[in-house]
Amino acid sequence: MPQRVFGERELDLVKQVLDTGMLSGLGGGQMTPRFEREFATAVGAQYGVAMNAAMSVLHSAVKVSGAGAGDEVICDPIVVFGAVATMYNNAIPVFVDVDPATHCMNPDLIEAKITERTKALIVTHLWGLPAQIDRIVEIARRHNVFVIEDCAHSLFASYKGKQTGTWGDVGSFSFQMSKQLGLGDGGMAVTNSEQVRDDLALNAGAPTFQAVAHALHWNYRMTETTAAIGVAQLERAAGYIAGLQAVAKMYNDAVAGCDWIAVPKPGPEATHTYHLWAATFRGDEKGITLGDFNDALARFECGVSVGYTGMAAYKHPLIAERLGYGKVCPLGCPLYDGANNLYPDGLCPVAEDLVPRILLAYTFGDEEAHKQSADRLHQAVQSLS
Ligand SMILES: Cc1ncc(COP(=O)(O)O)c(C=O)c1O
């Protein structure tokens, strides 16, 4: 461990689906509803709505929040997914900077960004470490803002005794192949609201969508065979995550005692489920340049990347060049009466400084290979200390 296993259990459940001849929940297949129930129970939510990808869940969740043309959605500035889902809905992403210690959204900075146009907030539990979600939800509730938790990295991570995805209005999980639960592709929304569940289900191809169209919905239905593999993989997920945590510990140990690499660690109130092991390079404060560090990582052949995308989310051309739907929408939408210069340099100084310094190691894979990679990271760090 942590190696994925696709075995007899998966084959058995897929065969059950094939034997029914109903490869879609639309025809009455029961595997997708089963996966929705079992997944929701596993994370401690009341309802699950399965879809074909997490981006589909985020797109749908922003729609359910009511955000559309001219509205604002608060997003994090490291990953771009929340902002993209906002723009799918023709709404405007507004970025709140992160806490340098956790890489997650800084609750102290949220209130200043809320306006009468704010409809929703999307917070990412980045790399698998929970954000301070109790404070974030409390602020959002006071302003009647819908909270979407992006849990693509944080399956089974918890904060103050409750799992990520169950604090806000919708939790969004990804089953893309790199994630803790890799099903090829797929996503799941969880919620405790029956109304939100029903509204989301319209985008998951609920039968009402097929009959008479009353509104603009998308068909993001999960297939029954994916759901079958999902039921089986869910049974294995806790084992995978224990393996990912053990691998992350190897990398933590490799940099322990190094005062120029900071590791975002969970406090006693949180569990981290390590979709990725992450750390922050701070060598320049000690006279070690990022170039020196990159050279050492290459010399010791460490399986650790530096710099993630190299830029804060709002520097991506999609946003910086106001591309969107090709004409003026959404960032130049005439229905938007907020500021024109939304994304100046220095908008989120912590994220801008942080992204080029982020170290990432993928935690799935052969444990012995990770041990060697962590040893090499240790040697690379030692060579510069
Ligand atoms: C934080 C985050 N959110 C959302 C997504 C989108 O997931 P999917 O590929 O299932 O649409 C990803 C995918 O990498 C992600 O890392």
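Quick note on this note's numbering: the sequence shown kicks off at 1 and runs consecutively. For glycine and all other residues, C-beta sits at the position ideal for the given N, C-alpha and C.
query                                                                                                                                        : result
Quick one: complete beta strand (DSSP E) runs, 3+ long, within the segment 179-242?                                                          : 187-191
Would you mind stating whether residue 61 and residue 189 have Cβ atoms separated by less than 8 Å?                                          : yes
Grouping DSSP H, G and I as helix and E and B as strand, with all else coil, what is residue 123?                                            : strand
Given the structure, does residue 174 come close to ligand 1, in the sense that its CB is under 7 Å from one of the ligand's heavy atoms?    : yes
If you measure from the CB of residue 103, is any heavy atom of ligand 1 nearer than 7 Å?                                                    : no
Cβ of residue 91 within 8 Å of Cβ of residue 71?                                                                                             : yes
For the alpha helix (DSSP H) containing residue 297, name the first residue and the last one.                                                : 290-299
For the segment 27-97, list the beta strand (DSSP E) runs that are entirely contained and at least 3 residues long, ordered along the chain. : 47-51, 72-75, 92-95
With 8 Å as the threshold, decide whether the Cβ of residue 78 is near any Cβ in chain C.                                                    : No chain C appears in the structure shown, which is made up of a single protein chain.
What separation, rounded to the nearest whole angstrom, lies between the Cα atoms of residue 67 and residue 73?                              : 7 Å
When DSSP labels each residue in this structure, what does residue 385 get in the three-state scheme?                                        : coil
What span of residues does the alpha helix (DSSP H) with residue 269 cover, start to end?                                                    : Here residue 269 belongs to no alpha helix (DSSP H), and DSSP marks it neither H nor E.
Of the choices 218, 333, 214, 186, whose alpha-carbon is the least far from that of residue 201?                                             : 218
Nearer than 7 Å: is that true of the beta carbon of residue 79 relative to any heavy atom of ligand 1?                                       : yes
For ligand 1, is there any heavy atom lying closer than 7 Å to the beta carbon of residue 272?                                               : no
Based on DSSP bridge pairs, tell me the residues matched to residue 308.                                                                     : Residue 308 is not bridged to any residue.
How about residue 113 and residue 94: do their beta carbons lie closer than 8 Å?                                                             : yes
Let me know the secondary structure DSSP gives residue 328 once reduced to three states.                                                     : coil
CB residue 231 to CB residue 35, shorter than 8 Å?                                                                                           : yes
Just to confirm before moving on: does the CB-CB distance between residue 23 and residue 224 stay below 8 Å?                                 : yes
Between the alpha carbons of residue 307 and residue 351, how many angstroms are there, rounded?                                             : 12 Å
Using a threshold of 7 Å, is the CB atom of residue 152 nearer than that to any non-hydrogen atom of ligand 1?                               : yes
Does residue 139 come out as helix, strand or coil in the three-state DSSP assignment?                                                       : helix
Which value, in whole angstroms, describes the spacing of the CA atoms of residue 236 and residue 64?                                        : 32 Å
Report whether the distance from the Cβ of residue 157 to the nearest heavy atom of ligand 1 is below 7 Å.                                   : no
Have a look at residue 132 and residue 305 and give me their C-alpha separation to the nearest angstrom.                                     : 26 Å
Is it right to say residue 18 is buried, meaning 16 or more other beta carbons lie within 10 angstroms of its own, or is it exposed?         : exposed
So for residue 380, helix, strand or coil by DSSP?                                                                                           : helix
Would DSSP call residue 8 helix, strand or coil?                                                                                             : helix
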